[in-house]
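Working notes for the structure below.
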Amino acid sequence: MAQTQPRYPVPTPSTLADTVTGTLSTWVGNFSRNTSTAFGQLRVRDYIRLIVIVGAYCLLRPYLIKIGAKIQAADHARPLDPNEMHSSAAAMSPNQLRGGRGAEYKIPGVDSEDEEEEDGEVQVGAGGFGRKARLRQRRLVREKLAEVERMRLQEEGEKSDREIEEFLVD
Numbered sequence: 001m002a003q004t005q006p007r008y009p010v011p012t013p014s015t016l017a018d019t020v021t022g023t024l025s026t027w028v029g030n031f032s033r034n035t036s037t038a039f040g041q042l043r044v045r046d047y048i049r050l051i052v053i054v055g056a057y058c059l060l061r062p063y064l065i066k067i068g069a070k071i072q073a074a075d076h077a078r079p080l081d082p083n084e085m086h087s088s089a090a091a092m093s094p095n096q097l098r099g100g101r102g103a104e105y106k107i108p109g110v111d112s113e114d115e116e117e118e119d120g121e122v123q124v125g126a127g128g129f130g131r132k133a134r135l136r137q138r139r140l141v142r143e144k145l146a147e148v149e150r151m152r153l154q155e156e157g158e159k160s161d162r163e164i165e166e167f168l169v170d
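Quick note on the UniProt record's numbering: the sequence shown kicks off at 1 and runs consecutively.
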């Protein structure tokens with residue numbers, strides 16, 4: 001059985017280090033050459049153009065941010081259209097994907113979604129991690145309590161039956 005050579009040679013640590021070092025030195029050389037060449041060939045007109053562009057950006061940026069903030073505030077202030085919320089674009093919000101407020105799913109065997117508030121527990125973490133486990137544990141405790149209550153009622157019933165039999169036999 002003939003051994004086949006791998007299609008690509010497996011790099012050894014020394015060749016890998018040489019490759020990384022070579023790539024980094026190429027990048028440094030390209031950056032220094034391109035930077036010095038780019039600024040070395042600029043004419044006075046190009047410097048003026050560069051200064052005007054950077055200066056205009058620095059002067060206009062605060063005003064553009066204020067305009068954007070006003071537009072955003074106006075958008076947040078307007079009332080939501082009920083049809084807009086049910087459009088295909090807003091069919092599922094990111095909060096629903098995370099299981100946050102607005103997530104509509106029913107856990108079987110749980111009567112109330114507000115049990116956590118009734119017990120005074122605080123929901124831990126974003127998205128309610130561990131919520132299903134807590135509800136499962138509560139359901140188990142309820143079932144055990146119901147079973148104990150059934151056993152108690154059954155024993156009381158048997159006890160009362162024995163008392164009745166005592167009176168009937170005598």
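For glycine and all other residues, C-beta sits at the position ideal for the given N, C-alpha and C. Quick caveat, the model's predicted, so the values are computed rather than measured.
Start and end residues, alpha helix (DSSP H) containing residue i
i          : result
residue 78 : Residue 78 -> no alpha helix (DSSP H), and no H or E assigned at all.
Contact test: residue i Cβ vs the ligand ZN heavy atom, cutoff 7 Å
i          : result
residue 23 : The ligand ZN is absent from the structure shown, which contains no ligand whatsoever.
Simplified DSSP state of residue i, which is helix, strand or coil
i           : result
residue 41  : coil
residue 31  : helix
residue 117 : Bear in mind that the predicted position of residue 117 carries a pLDDT of just 49, short of 50, making it unreliable; the figure below should be weighed with that in mind. It is helical.
residue 103 : Its pLDDT being 49, under 50, residue 103 is placed unreliably by the model, and nothing is read from it.
residue 167 : helix
residue 15  : helix
residue 130 : coil
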